[in-house]
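K.L.:
Protein chains in written order, with our numbering: chain A, 534 to 839; chain B, 726 to 1059; chain C, 114 to 467.
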C-alpha cells in the first residue's frame, strides 16, 4: 500500500484519541509467524507443500511400507502395464516393481536434490555475506573467483566435475554443491551489500558493537529470506541435474533406483509401454513443479509490505 | 463561464487487506486558467484525488463514487480510445519523480514527438519541431542538443523541465501536478515554480497543484484548498488562507510552518496524527486533534460555511459568523 | 554560553566540543576497463568548523554540497582522507579511539524504511546499543522503556511493535530514542525531520528542544530546509560543493548574507506572502556535479557577481562586518583579492542601505 494511503496512529501524551487506548502490552506477531500466516492464505503453495510433505514422508518411511523388493526382478513379469494386480504401477524392463522403485528412487533423487543446495546454501551464504559486508579486496577475491564458475553452464560444470571425480553418489553430491555455490554467493553478496549501506546498520556500527554482532543481529535476519527463497528455487534444478547425471551414468549406478537412472534404463521401453517409461519423468516433473511453486509462494509471503 | 473542472461528492475507497477510505465526499471546482493548490499532509487523499481525475487508480481494488467533469467530459464514463484521448489532450499530469514519467530507453525528443503524434496527425519532422519548441519553452538551455539526450543524462532540474515539456506537448487544458518540486533543491524548486507560473499564463491552462508545502502553494496558486482525511476542510484565495485562516487545522499548519517563529520558543504544533481511514469519518475527522473540539464535532460531520464568495470552511466554529451552504452531510451507512 | 551539565566534560566550557579541521573526503569514481579511478567525487573538501558545547550548529546546503558526508565523518562512519577531528580536546585517532568517539557522539538518521531494522521490535532496537556496551539485559530494557516514555510513546503499546506498524513521526521518535540510549553528548541530526509532515515535524522539533535542555546535549542539525535550521540553530554553516562558504550566528548570517550563494539560497525560499511572490529565480540551473567542481571559487559558474579572479583563485575566508564569529569565503569580502567589488560585497551594501 502506498504511503499516501497509509493510515496512521500517532500517540502523543495528552491527546484524546478516538480509538481506545490499549493498556495491555502489545506484542506484535514475529516475522516467521507472519510469513507462515501469509503462506497459509496461498492455496497453490499450500497444496504443493502438502504434496511435497506427503512425498517426503512416503520416501523416508519406505522400508516400513508394504512394498515389493525394489531390486527383485522377474524375467516373466517384465514391463507389465500400469494396473497389473500386485504391481499397481507395473514393472520395469527387468520385472521389478515400479511403485517400489519409484519410492526408493525418490530417496536418492530427493537427497541429491536437497543436500547439495543445503551445503551450497551454508557455504555460499557465508562467502557472500563476507564479501558483501567486508567488501574491498576480499570482495574482489571472492566475487571474481565466483565469476569464473559462471563462465560455464551449470549442467556442463556438473558433468565436468563429476566426470573428473568419477561416478558415484558422493561425487555427484560434491559436484552439485560446487555448481550451486557461485549463484548463491552472488545473491548473498548483492543483498548483503545493499543491507550493509542501510542506516540501521550504520546505527548499529556507531553503538560500538563488534562487527560479527552487527552481522548476526542486523544483517543476517534481513538477508536470509531472499537467499533462502533463491535456494529453494534451486532444489528443483539440483534434482533435475542429479537425475541428469545419473541418466548419463555419472551419478547413481545400477541397480540402485534413482529417477534419472530409471528414465535412462526405461528409455528403450518407450515403444512397448510409453506410460511406464514416462513414470520417472513424471515424478521429476511433478516434484520440481511443486518445489518451484512453493518457492514462489514463500517469496511473496516473505515480502513484508510497509 | 462554465468551470473547467468540477468534482462533486467524490469518494475513493481502496479494498485490499484492509479498506481505506481515501477520499470522502470531496467537492472541488476549477475555473479555466485558474491555479488551485490542494494542500495536505501524507494520507490526506490529495494525490489520490489527482489520480482519480486521470483514472489512474487500479480499477479492481478501487471503488469510486461521485462525478468528475473536465472540460465538459464526464470522466467517470471514459474508457478505451476516448480515455487515452482525454489523457494528454484534455488533461495531463506531472509527478514528483520524473523518472517515472520518462521512459529511460527513448530520447527526450522521441518521447515528446511520440506523445504529439499519439494525439495529432502530424509528420515525424513536424512532431520533432514541436518537441524542440516545447524544450525551448521550458527554458532548457541548448534544446537542440537536449532533444537527443536520454533522461539519465540530465540533471534533476532538467528532467523536471523535460517532464513538463512532455506533459504540455499536446496543450492540455488542465494540468495536474503531484508535488513536482518536492524532491528538488531549493534553488531549483523556485525556478520550476516560476516556470510553471509563466507556462500557465502562456498556455492559459488550469492547474491543480498538490503539495504539502504552504510556501510552494503561496508561490504557485490563486486559490488553496486545504485537505484533511479525504475531504476539503477549507478553501479560499491564497491571501484569505494565509492572512485569515478559519479552520483550526489550517491555523495549525501555518503555525507549524516555522515562518517567523521565534527561536527558543515551543512551536504551536498540532498534537497527534491523522486518523486511520479504515472507516469513513462520520464526524469531524480533525476533532481528536483539535483544541476547540466540542461535543457536536464528535457527533456529526461539520456543516460547510461560506464566509465569503469562493470561500468555504467546514467547521462548527463558523456558526453564527457566516452563512451555511451545506448542512452536515450524513454519510450513507458504511 | 549555556551551562553544560555533563560530568564527562574534560576541557571546560571554553573548549569546543568538536574542532573539525580541514576535513577532506573524496570518493573515487571507478570506470574504465580495469576499474581504475576515473575521478573523484570531492564530497567534502577542506571543511573547517567548531561545535561549541551546548549549542546547535545548523548545516545547510543543496544536494551534493557534502553536508551528509560531513555528518558521517563526524561520527566516524567513514574515514577522513585528510584533516582532523578533535573531540573535547582529544584528537580522533590519537588519544581518542572510534569506540570512545561513539560514547560521546551519536546520530539520528532521516526517517525512512531503512532507518530501523524491520526484524527487531522497538524495544530491541533501542536496547541494542546499551547491551553492546555491557548494560545488563534487564537494565537495557528498562532504559528502552524510559526513553520510549520520554519521547512520547507509551512503552506498553509500542515496545513490542515492529517499525512497519508505526507512522513516520513515531519512527523518528524511535530514532531519537535509539541515539539517546547511548547517552551521547553530541547528537548529529541528519535531515532528521525532513521526511515528516509539517504538523508532525513541529512535534518532533519541540521534543528535540526539550531533550536538549534535559540532557544538556549539543546538536549538529543538518537540513536542506532553511526555515527549520533558522528556528533550531544558534549558528549556521552554509556549504556548497564540499566547501564551507559562510558560517556565523544565525541572525548575523540572516541579516548580512555575505556570500552570494547564501543570499541566493535564502532568496529561493518560498515567500509566504501572497502579495510579494518571488518574481525572479535567484539562481539559474542545477548545482554542478561534485565530481569535477569548478575551479577557483566553486560558485563562480552560477554567481551573478563573478569576475575573472573568481575562476582563477580560491577565495580566502574573511571576517564579515567585523564580527569575528561570522566568516565567509568570497573574493568580494577580501580587499586584496582584485575583484572590482572587493571590500564592498553587494549583498552587504543592500543591508547597509536598509
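Even for Gly, the Cβ is constructed at its ideal location relative to N, Cα and C.
Who are the near neighbours of residue 1000/B in its chain, counting only those whose CB is closer than 8 Å to its CB and skipping five residues on each side?
P.N.:
Position 275 of the second chain, counted from the start, is the residue given in the question as residue 1000/B. Excluding sequence neighbours, residue 1000/B sits near 954, 1006, 1010, 1013.
K.L.:
Comparing C-alpha positions only, which one of 1040/B, 789/B, 904/B, 911/B sits nearest to residue 772/B?
P.N.:
Along the second chain, one-based indexing puts residue 772/B at 47. When only C-alpha atoms are compared, the closest one is 904/B.
K.L.:
Which runs of the beta strand (DSSP E) fall wholly inside the segment 307-348 of chain C and span at least 3 residues, in chain order?
P.N.:
Counting only runs of 3 or more, we get 331-335.
K.L.:
When you compare each of 720/A, 665/A, 679/A to residue 763/A by their alpha carbons, which one comes out closest?
P.N.:
One-based indexing of the first chain puts residue 763/A at position 230. It is 720/A whose Cα lies nearest to the Cα of residue 763/A.
K.L.:
As an exercise, report each continuous beta strand (DSSP E) stretch of at least 3 residues that is fully enclosed by the segment 144-202 of chain C, in chain order.
P.N.:
149-164, 169-173, 195-200, all fully within the segment 144-202 of chain C.
K.L.:
Do the CB positions of residue 284/C and residue 194/C come within less than 7 Å of each other?
P.N.:
Within the third chain, the letter at position 171 stands for residue 284/C. Within the third chain, the letter at position 81 stands for residue 194/C. No, they are not a contact pair.
K.L.:
Where does residue 311/C land, buried or exposed, given buried means 16+ other C-beta within 10 angstroms?
P.N.:
Position 198 of the third chain, counted from the start, is the residue given in the question as residue 311/C. So residue 311/C ends up on the buried side.
K.L.:
Which word fits residue 402/C, buried or exposed, when buried means at least 16 other C-beta atoms lie within 10 angstroms of its C-beta?
P.N.:
Mapped onto the third chain, residue 402/C falls at position 289. Its Cβ having fewer than 16 others within 10 Å, residue 402/C is exposed.
K.L.:
Taking just the CA atoms, how far does residue 349/C sit from residue 318/C?
P.N.:
The sequence position of residue 318/C within the third chain is 205, counting from 1. The sequence position of residue 349/C within the third chain is 236, counting from 1. Distance between the alpha carbons of residue 318/C and residue 349/C is about 17 Å.
K.L.:
Please report the straight-line C-alpha distance between residue 565/A and residue 400/C, rounded to a whole angstrom.
P.N.:
By 1-based counting over the first chain, the position of residue 565/A is 32. By 1-based counting over the third chain, the position of residue 400/C is 287. Distance between the alpha carbons of residue 565/A and residue 400/C is about 46 Å.
K.L.:
Counting only beta-carbon separations shorter than 7 Å, does residue 731/B have a partner in chain C?
P.N.:
Position 6 of the second chain, counted from the start, is the residue given in the question as residue 731/B. False, the Cβ-Cβ gap to chain C never drops below 7 Å.
K.L.:
In terms of residues, what are the limits of the beta strand (DSSP E) holding residue 792/B?
P.N.:
Here residue 792/B is taken as the residue at index 67 of the second chain, counted from 1. 787-795 is the span of the beta strand (DSSP E), which, as asked, contains residue 792/B.
K.L.:
Name, please, each residue of chain C whose Cβ falls closer than 7 Å to the Cβ of residue 687/A.
P.N.:
The residue given as residue 687/A occupies position 154 in the first chain. Here the premise fails: no neighbours, minimum Cβ distance about 27 Å.
K.L.:
So, helix, strand or coil for residue 749/B, using DSSP?
P.N.:
In the second chain, the residue the question calls residue 749/B occupies position 24. If DSSP states are grouped into helix, strand and coil, residue 749/B belongs with the strands.
K.L.:
When the cut-off is 7 Å and only beta carbons count, does residue 181/C lie next to chain B?
P.N.:
Mapped onto the third chain, residue 181/C falls at position 68. No, residue 181/C does not count as interfacial toward chain B.
K.L.:
List the endpoints of the continuous alpha helix (DSSP H) containing residue 934/B.
P.N.:
Taking the second chain and counting its residues from 1, the one referred to as residue 934/B is at position 209. Unbroken run through residue 934/B is the beta strand (DSSP E), 931-936; no alpha helix (DSSP H).
K.L.:
Please decide whether residue 564/A counts as near chain C, where near means a Cβ-Cβ distance under 7 Å.
P.N.:
Here residue 564/A refers to the residue found at position 31 when the first chain is read from its first residue. Closer than 7 Å: yes.
K.L.:
Return the chain-ordered ranges of every alpha helix (DSSP H) run that is complete within the segment 879-942 of chain B and spans a minimum of 4 residues.
P.N.:
Taking only runs of at least 4 residues, the alpha helix (DSSP H) segments lying wholly in the segment 879-942 of chain B are 881-893, 911-928.
K.L.:
Write down the C-beta distance between residue 676/B and residue 175/C rounded to the nearest angstrom, noting that I regard them as a contact closer than 8 Å.
P.N.:
What the structure shows of chain B is the stretch from 726 to 1059, and residue 676/B is not part of that stretch, so it cannot be assessed.
K.L.:
Can you grab the Cα-Cα spacing for the pair residue 601/A / residue 649/A, in whole Å?
P.N.:
Taking the first residue of the first chain as position 1, residue 601/A is located at position 68. Taking the first residue of the first chain as position 1, residue 649/A is located at position 116. Going from the Cα of residue 601/A to the Cα of residue 649/A covers about 30 Å.
K.L.:
So, do the segment 319-337 of chain C and the segment 171-190 of chain C have three or more beta carbon pairs nearer to each other than 8 Å?
P.N.:
Yes, they touch.
K.L.:
For residue 239/C, decide whether its Cβ has a neighbour in chain A, counting only Cβ atoms nearer than 7 Å.
P.N.:
Taking the first residue of the third chain as position 1, residue 239/C is located at position 126. So, not an interface residue.
K.L.:
Can you give the Cα-Cα distance for residue 253/C and residue 240/C, rounded to whole angstroms?
P.N.:
Numbered from its first residue, the third chain carries residue 253/C at position 140. Numbered from its first residue, the third chain carries residue 240/C at position 127. About 5 Å.
K.L.:
In chain C, which residues lie less than 8 Å from residue 833/B when you measure between Cβ atoms?
P.N.:
Numbered from 1 along the second chain, position 108 holds the residue referred to as residue 833/B. Within chain C, no residue comes near residue 833/B; the closest Cβ sits about 16 Å away, beyond 8 Å.
K.L.:
Beta-carbon separation of residue 836/B and residue 908/B under 7 Å?
P.N.:
Taking the second chain and counting its residues from 1, one reaches residue 836/B at position 111. Taking the second chain and counting its residues from 1, one reaches residue 908/B at position 183. Against a cut-off of 7 Å, the Cβ pair of residue 908/B and residue 836/B comes out as no contact.
K.L.:
Strictly by DSSP, which residues pair up with residue 271/C?
P.N.:
By one-based count along the third chain, residue 271/C stands at place 158. Beta-bridge pairing links residue 271/C to no other residue.
K.L.:
Mind pulling the chain B residues with CB within less than 9 Å of residue 303/C?
P.N.:
As a working mapping, residue 303/C is identified with position 190 in the third chain. By Cβ distance, chain B contributes nothing, its closest Cβ being about 16 Å from residue 303/C, past 9 Å.
K.L.:
Could you tell me which uninterrupted alpha helix (DSSP H) segments, each at least 4 residues in length, are contained entirely in the segment 355-431 of chain C, listed from first to last along the chain?
P.N.:
You should have 363-369, 373-380, 421-425.
K.L.:
Applying the 10 Å Cβ sphere with the 16-neighbour rule, what's the burial state of residue 1040/B?
P.N.:
As a working mapping, residue 1040/B is identified with position 315 in the second chain. Residue 1040/B comes out buried.
K.L.:
Residues in its own chain within less than 6 Å of residue 894/B by CB, not counting five upstream and five downstream?
P.N.:
Translated into the one-based positions of the second chain, residue 894/B becomes position 169. Hits under 6 Å: 837, 840, 841, 859.
K.L.:
Here's a check: name, in chain order, each residue in its chain whose Cβ is nearer than 7 Å to the Cβ of residue 544/A, leaving out the five neighbours to either side.
P.N.:
Position 11 of the first chain, counting from 1, holds the residue named residue 544/A. Any reading at residue 544/A needs caution, since the residue's pLDDT is 36, under 50, leaving its predicted position unreliable; the model's value is listed next. Nothing meets the Cβ criterion.
K.L.:
According to a CB-to-CB cut-off of less than 7 Å, which residues of the segment 974-995 of chain B neighbour chain C?
P.N.:
Those residues of the segment 974-995 of chain B that come within reach of chain C (Cβ to Cβ, closer than 7 Å) are 977, 978, 981, 982, 983, 984, 986, 988, 991, 992, 994, 995.
K.L.:
Name, going along the chain, the residues of the segment 718-743 of chain A whose beta-carbon falls closer than 7 Å to a beta-carbon of chain C.
P.N.:
Under the 7 Å Cβ criterion, the segment 718-743 of chain A contributes 731, 732, 733, 735, 736, 737, 738, 739, 740, 741, 742.
K.L.:
Answer with yes or no whether the minimum CB distance from residue 941/B to chain C is below 7 Å.
P.N.:
Taking the first residue of the second chain as 1, we reach residue 941/B at position 216. Chain C, which has a Cβ nearer than 7 Å to the Cβ of residue 941/B, makes this yes.
K.L.:
Below 7 Å on C-beta distance, what does residue 761/B contact in chain F?
P.N.:
Looking at the structure shown, chain F is missing, and the protein chains on hand are A, B and C.
K.L.:
What are the partner residues of residue 1038/B, as DSSP defines its beta bridges?
P.N.:
Taking the first residue of the second chain as position 1, residue 1038/B is located at position 313. Answer is 959/B, 1030/B, bridged to residue 1038/B.
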